[in-house]
Each structure stands twice: as C-alpha cells, then as structure tokens.
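Asker:
Numbering (the working numbering), first residue to last: 1 to 410.
#1: Counting contacts by CB-CB distance shorter than 9 Å, is residue 259 in contact with chain D?
#2: Quick check on the DSSP output: what are the complete alpha helix (DSSP H) runs of length 4 or more inside the stretch 163 to 244, in order along the chain?
#3: Taking buried to mean at least 16 other C-beta atoms within 10 Å of its own C-beta, is residue 310 buried or exposed?
#4: Examine the Cβ distances between the stretch 33 to 50 and the stretch 142 to 150 and report whether three or more of them are shorter than 8 Å.
#5: Cα-Cα, which of 322, 133, 110 and 137 is closest to residue 258?
#6: Is residue 391 near residue 95, with beta carbons less than 9 Å apart?
#7: Identify, in the order they occur along the chain, each residue of the same chain with its Cβ nearer than 8 Å to the Cβ of residue 281, setting aside the five sequence neighbours on each side.
#8: Tell me the start and end of each unbroken alpha helix (DSSP H) in the stretch 356 to 393 that is at least 4 residues and wholly inside, in chain order.
#9: Considering only the alpha carbon of each residue, which of 359, 249, 222 and 206 lies closest to residue 286?
#10: Spell out a yes or no on whether the stretch 260 to 273 and the stretch 194 to 205 are touching, meaning 3 or more CB-CB pairs, one atom from each, closer than 8 Å.
#11: Report the three-state DSSP secondary structure of residue 275 (helix, strand or coil).
#12: Taking only the alpha-carbon atoms, compute the straight-line gap between residue 135 and residue 297 and give it to the nearest angstrom.
#13: Return yes when the Cβ of residue 154 is within less than 9 Å of the Cβ of residue 246, no when it is not.
#14: Given that a residue counts as buried once 16 or more other Cβ atoms are within 10 Å of its Cβ, and exposed if not, what is residue 131?
#15: Does DSSP put residue 48 in a helix, in a strand, or in coil?
#16: Residue 381: which of 61, 86 and 71 sits nearest, CA to CA?
#17: Cα separation between residue 137 and residue 396?
#18: Check residue 156 in the structure and name its three-state DSSP category.
#19: Mapping DSSP to helix, strand and coil, what is residue 302?
#20: May I ask you to report which of helix, strand or coil DSSP gives residue 110?
#21: Who are the Cβ neighbours of residue 387 in its own chain at under 7 Å, not counting the five residues just before and after it?
#22: Look up residue 96 in the DSSP assignment and say whether it is helix, strand or coil.
#23: How is residue 11 classed by DSSP in three states: helix, strand or coil?
#24: Can you tell me which residues form a DSSP beta bridge with residue 479?
#25: Apply the 10 Å Cβ neighbour rule to residue 376 and answer buried if 16 or more other Cβ atoms are within range, or exposed otherwise.
#26: Skipping 5 residues on each side, what residues in its chain have a beta carbon closer than 6 Å to that of residue 222?
#27: Could you check if residue 302 is buried or exposed, using at least 16 other CB atoms within 10 Å of its CB as the buried criterion?
#28: Helix, strand or coil, according to DSSP, for residue 161 in the structure here?
#29: Please confirm whether residue 393 and residue 208 have their CB atoms less than 9 Å apart.
#30: Mind checking whether residue 383 and residue 360 have CB atoms under 9 Å apart?
#31: If I measure Cβ to Cβ from residue 45 and keep anything under 8 Å in the same chain, skipping five residues before and after, which residues do I get?
#32: For residue 288, which beta-bridge partners are listed by DSSP?
#33: Going by Cα to Cα distance, which pick from 225, 52, 26 and 111 is closest to residue 273?
#34: Consult DSSP for residue 414 and reduce its assignment to one of helix, strand or coil.
#35: Tell me whether residue 115 sits in a helix, a strand or coil according to DSSP, three-state version.
#36: Using three-state DSSP, classify residue 340 as helix, strand or coil.
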C-alpha cells in the first residue's frame, strides 16, 4: 500500500445511532393524513348513528375503508422505538483501517473474500412491525454503514412513472419509513460517491439494488395490484435507462462493470472458468452495481444491459449472470460465481427486548451452513454479529465458525 489514508467522516453523521435517532424517523405528514382520514370515517359513522344521512348502507361502505386506511396510515407512519439497530454502530466497528489495508495488501482475487452486507439498508421499523416479524429491524443510514466498516449495502427502490425517477422505499404505505431524508436514488448514489471520495483506496463496494416495482399516480396501489415492472419491455427499458443515467452521473469511472471484467469476449461464466477475477488491489476504490431481480419481476433481466449491471441469475448461473442467490443450492460454488445468501434475520431474531440467545444460536448455525457448506461469498443480514467481525475476510478463514461465545446483544 502506498500513502497513508486518513479518516475524514462527514460532520452530519453521528458517532453512534440510538433509540432517539430511530424514533425521529417517523413520517409526520403520513400520520397527519391518517388522522384526517380516520377522522372523516368517524364523522361519517357519527352522522349515521344520529340518522342524519340517507341510504346508510352506502355511507357505511365508504366509512369502513376510511377508518381502516386512516388507522393503517397512523400505525405505519410511526417508527417503533423498540426496534433499533441491533449491532455495533461505532465508526470502524466492523472493519478497522489497518485490517482493510491488510486485506487489500494480500492482493487476492475479488472472489477470494467473504463480504458482509446489510439487507434493506434504508429500513426503519414502523409500528406495523409489531405484527409482521420480518420487518422488525431498523438500520443506520447507508453512508453510516460504510463508516462502520460494511462494504456492501442494499437499496430497495421503486420507479415513479410520473416523475421518471427511482425512489427508495421497501413497501409503499405499509412499510415506507426510511432512515434517509432524500429518497431519490440519485441522492443516495451521490452520498455514497462522496463517501468514496473521502475514503480513497477503500475495499471495492457492492451496491445491491433491489428492484421492487414501478407505480403511477397512487404508489401504494402497486403493492396491492401488481409491481408494474418486468412485463412491458418498453417501460422496463425506460426505467432501467433512468437508473443507469443516475448511476453513471454519480459514480462515473469508479464503476466496475461486467464489460470491464470479460471485455465482452465471451459469456462471463465461460470466461471465469479459465480466468481469475482481478485482485482487490486493482479494484480498490471501485463500485459494483448488483441488480437484484427476482420473483414476479424476473423478466426484467431481459431488459437489463448485462455489460453494465451485475444481474442476479434466475436459477443456475448462465450467460452474463454470475451473481446468484438461491438458498440450498450447492451448485452455485462454480468457478468465479458470486453466490449470495440473504440472512435477513430481522424476523427470525429481533423481538421487542432484543435477540434471544436461542434464536441467535439458530441464526449462527444457519450462517455456518451457508458459508462453510455452500461457500457463500456475499452475506446480507440485519444481524451483523451472526457473521462477526471483521466484515470482510478471506473466504477460507472460518475461525469464527467455531466461536462459542455469544455476541453482546441485549
């Protein structure tokens, strides 16, 4: 390594994230709208009881949806104070500067490392999470996660056909709280790029972009009636072009693409069978964009430029799809394949009082199997202590798998 690196952190990033920070993420405007909607339903109900409205059954059909939607908006707009980040939120807590430099100096191929990342990195649990176990987690913001030492973050995004922009959100209305004030994906790309500029020579970053869907005038309807993406090639092309423009504007030459790896000569799966990944020394300071496409959106991969995006494979890796995620399939240990395991453990591990020892033990055993048994290289989780520290390590370093001391989560 040549030249010493400094630690220039953004002034607006707090040293640590606590309950007060999590509670501050409530959506006041959504709550106010919910109160007015619920109040309208109550007003109609009172007028009906007082027999002041003709055709009461018709008014009842309007009253009940107003009450339910209003109550849902109030519940979903309020952050749950019992779900705060269940991990060490101190800067460099998961990857010290010295360890990062040591890993880079080993000069191993990129796929020789295991990399811990965060699942749904902008998520804040709302009160509805009290009833929906998989949503019981809250993260520190993406740039803060990078400061802590993670080198992979996941951004859940939706495309607005009206404004032709991509916005960060998990599920509209019912799980829409975010830990960032600017929800346009371009703003987060630029924030991550600023972090990269302030930390030159960092271990290569992975941005896992989870495509959730697209919507028109009423985004919350997309959750109910369809994702609106992966079915219309022309619309899909428009959406992906917008996303690519944002990424290119934010990152420019920092991007490391599939075209940069195989030079477009043959499908990457064939190329990697006889060629190694570049070393992390060569890739330091670079950013890779993984396009997470699955389920009813799977056909979107046909509209994606596989020379620009690292596109998730549908089943077995083939063609240009060398990033794969499929639990329980050991065939993903092919030469050069980036196999990913989503241990989104919020629902399995997080309860009102934290993480129970029993559930943490189950999660740790599952993590052991996926890393040692299936050779996963990329790990996405809400409970980082299941992976342990540091957040990046050489793939054959399985010392943490034999650890018996429980983490310090309370």
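Just so it is clear, CB atoms sit at the ideal spot from N, CA and C, and this is done for glycine as well. Values in this document were obtained by computation on a predicted structure and should not be read as measured data.
Answerer: This is what the structure holds:
#1: No chain D is present in this structure, which holds just one protein chain.
#2: 185 to 198 and 219 to 225
#3: With 16 or more other Cβ atoms within 10 Å, it is buried.
#4: no
#5: 322
#6: The answer is yes: Cβ separation under 9 Å.
#7: Taken in chain order, the residues that qualify are 104, 105 and 107.
#8: 357 to 368
#9: 206
#10: no
#11: coil
#12: 21 Å
#13: no
#14: exposed
#15: helix
#16: 86
#17: Roughly 30 Å separates the two Cα atoms.
#18: strand
#19: helix
#20: helix
#21: Cβ within range, chain order: 116, 367, 379 and 381.
#22: coil
#23: Reliability of the predicted coordinates at residue 11 is poor, the pLDDT of 44 falling under 50, and no value is obtained from them.
#24: Since the first residue shown for the chain is 1 and the last is 410, residue 479 is missing from the structure and cannot be characterised.
#25: buried
#26: 213, 215 and 228
#27: exposed
#28: coil
#29: Cβ distance not < 9 Å, so residue 393 and residue 208 don't count as in contact.
#30: yes
#31: 63 and 67
#32: 206
#33: 111
#34: Only positions 1 to 410 of the chain appear in the structure, and residue 414 is not among them; the question remains open.
#35: strand
#36: strand
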